[in-house]
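Enquirer: Heads up, the sequence shown is in my numbering, so the first residue is 98 and it goes up one at a time. Every residue gets a Cβ at the ideal spot worked out from N, C-alpha and C, and that includes glycine. None of these values were measured; they are calculated from a predicted model.
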Amino acid sequence: MQRGRRKPDWLKSRPPSGSRFTEIKERLRERDLHTVCEEANCPNMGECWSGRDGPGTATFMLMGDRCSRGCNFCDVETGGMEPLDPDEPANVADAVAEIGLDYVVLTSVDRDDLADGGSAHFAETIRAIKRRDPEILVETLIPDFGGDPEAIDRIVDAGPDVIAHNVETVERLQWPVRDRRAGYEQSLAVLDRVDRESDIHTKTSLMLGVGEYHHEVYRTLGDLREVGVDVVTFGQYLRPSRSHLDVFEYVHPDVFDVWRAVAEEEFGFLYCASGPMVRSSYKAGELFVEAMLREGRSPEDARRHARAAGGD
Ligand code: SF4
């Protein structure tokens, strides 16, 4: 454990580079599309986009780059949301095909300003991608849509391969980490509804280093398994700017390894990607899902494959 301000060596990352990276960036700008990778200045961008062992992954951010909420850990701008771009679903589907991704992650800002929270627009984007190529695996990282079950069902009915929704941290720290409109029980209810209404794999992510105690993380893993969550990721919280939440501690990589073992061996999660640089849509998770869904491998075999190929 490392308190204080100086970033430890294990958090040093190389800036993204390479021709593939530049090419993807150009394609995205041409179509005025946003990615979480860029918005959050993700340290793994170069690796994910260039796809060390395959076509690569990118996380598209739908419904603009301004959010109706203001979580204290997040670098996305709050307020001043634009009307939805009706061409965005087709544009994303075109970009995915052009870039040649076979695994795409879709996420979005929260749009509490829209009656359906943007769920119909989100669902149409899933359908547009699948219409272009039914073979593409689509993972969705959805907002809580204010807990509206109909909005969640719209996403389920669009047929993505994975539905993720992040609880972000333990119950005690929901505020001040997340916007007051978010909540632990509400997020568990979103994941629970997907599990009850479908066979779609569910996934969630927690940041470590915001002041959580180990017994709280342990309890959270139990709550997540109770609502049928299959995949969980752990990553280090990194402060985007001085106006954001302080880093309480830099958690040692060994601790991340312990949580992976606890999650998989004690709680029976199908897969846990855990490491200081792991982000919710980090490659390792995708490799696991691909191995299972596309190749029909058993969870154990898919885990071995994911770790050997590109794992965390
Ligand atoms: S809901 Fe919170 S975490 Fe999500 S984009 Fe908005 S501010 Fe960021």
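So if DSSP puts L159 in a beta bridge, which residue, or which two residues, is it bridged to?
Expert: DSSP, once it has assigned bridges, lists S205 as partnering L159.
Enquirer: Skipping 5 residues on each side, what residues in its chain have a beta carbon closer than 6 Å to that of Q99?
Expert: For Q99, the predicted structure reports a pLDDT of 49, less than 50, and the residue's modelled location is therefore unreliable. A value from the coordinates is still provided. Contacts found: P105 and Y347.
Enquirer: Is D481 close to the ligand SF4? I mean its beta-carbon at under 7 Å from any heavy atom of the ligand.
Expert: One cannot answer for residue 481 here, as it falls past the ends of the chain, which runs 98 to 409.
Enquirer: Comparing the CB of C134 with every heavy atom of the ligand SF4, is any distance shorter than 7 Å?
Expert: For the ligand SF4, not one heavy atom lies less than 7 Å from the Cβ of C134.
Enquirer: Assign A220 to one of three DSSP states: helix, strand, or coil.
Expert: DSSP places A220 in helix when its eight states are reduced to three.
Enquirer: Among D184, V189, V344 and F170, whose alpha-carbon lies nearest the alpha-carbon of T156?
Expert: Minimum Cα distance to T156 is reached at V189.
Enquirer: Identify every run of the beta strand (DSSP E) within the region 363 to 398, keeping only runs that are complete inside it and at least 3 residues long; order them along the chain.
Expert: Listed in chain order, the complete beta strand (DSSP E) runs (minimum 3 residues) inside the region 363 to 398 are 368 to 371.
Enquirer: Tell me the DSSP secondary structure of F331 in three-state form.
Expert: Correct three-state label for F331: strand.
Enquirer: Expressed to the nearest angstrom, what Euclidean distance is found between the alpha-carbon atoms of E135 and M142?
Expert: Approximately 8 Å between the Cα atoms of the pair.
Enquirer: Using alpha carbons as the reference points, say which of F385, L130, P350 and A358 lies closest to P373.
Expert: Ranking F385, L130, P350 and A358 by Cα distance to P373 puts P350 first.
Enquirer: Would you call the region 258 to 275 and the region 121 to 135 in contact, with 3 or more CB pairs under 8 Å?
Expert: Short answer: they don't touch.
Enquirer: Check whether the Cβ of R208 sits closer than 7 Å to any heavy atom of the ligand SF4, and report yes or no.
Expert: It does not: the Cβ of R208 is nowhere closer than 7 Å to a heavy atom of the ligand SF4.
Enquirer: Using the three-state DSSP reduction, which class does V326 fall into: helix, strand or coil?
Expert: It is coil, neither helix nor strand.
Enquirer: Just to check my reading of the structure: A255 and D230 have Cβ atoms closer than 8 Å, yes? What is that Cβ distance to the nearest angstrom?
Expert: Not confirmed; about 15 Å, so no contact.
Enquirer: At a threshold of 7 Å, does E336 count as lining the ligand SF4 (C-beta to nearest heavy atom)?
Expert: Reading off the sequence, residue 336 comes out as Arg, not Glu. No.
Enquirer: Note down the Cα distance separating E179 from V355, rounded to an integer number of angstroms.
Expert: Taking the straight line joining both Cα atoms gives about 43 Å.
Enquirer: When we look at the beta-carbon of S116 and count the other beta-carbons within 10 Å, is it buried (16 or more) or exposed?
Expert: S116 should be labelled exposed.
Enquirer: Express the C-alpha separation of H311 and A225 in angstroms, rounding to a whole number.
Expert: Near 42 Å, if we compare the C-alpha coordinates of H311 and A225.
Enquirer: For T266, does the three-state DSSP call read helix, strand or coil?
Expert: Note: T266 maps to coil in three-state DSSP.
Enquirer: When every heavy atom of the ligand SF4 is checked, does at least one fall within less than 7 Å of the C-beta of P373?
Expert: It does not: the Cβ of P373 is nowhere closer than 7 Å to a heavy atom of the ligand SF4.
Enquirer: Assign S51 to one of three DSSP states: helix, strand, or coil.
Expert: This structure cannot speak to residue 51, because the chain is shown only from 98 to 409.
Enquirer: C134 by DSSP, collapsed to three states: which one?
Expert: Helix, per DSSP.
Enquirer: Kindly give me the distance between the Cβ atoms of M389 and A399, rounded to whole angstroms, as I take these residues to be in contact under 8 Å.
Expert: Contact flag correct, Cβ pair sits at about 4 Å.
Enquirer: Using a threshold of 7 Å, is the CB atom of D276 nearer than that to any non-hydrogen atom of the ligand SF4?
Expert: Indeed, a heavy atom of the ligand SF4 lies less than 7 Å from the Cβ.
Enquirer: Enumerate in chain order the residues of its own chain whose CB-to-CB distance from T317 is below 6 Å, with the five nearest sequence positions on each side excluded.
Expert: The residues are V267.
Enquirer: Return the Cβ separation of F345 and V307 in integer angstroms, given the expectation that the two are a contact with Cβ distance under 8 Å.
Expert: Correct: roughly 5 Å between the Cβ atoms.
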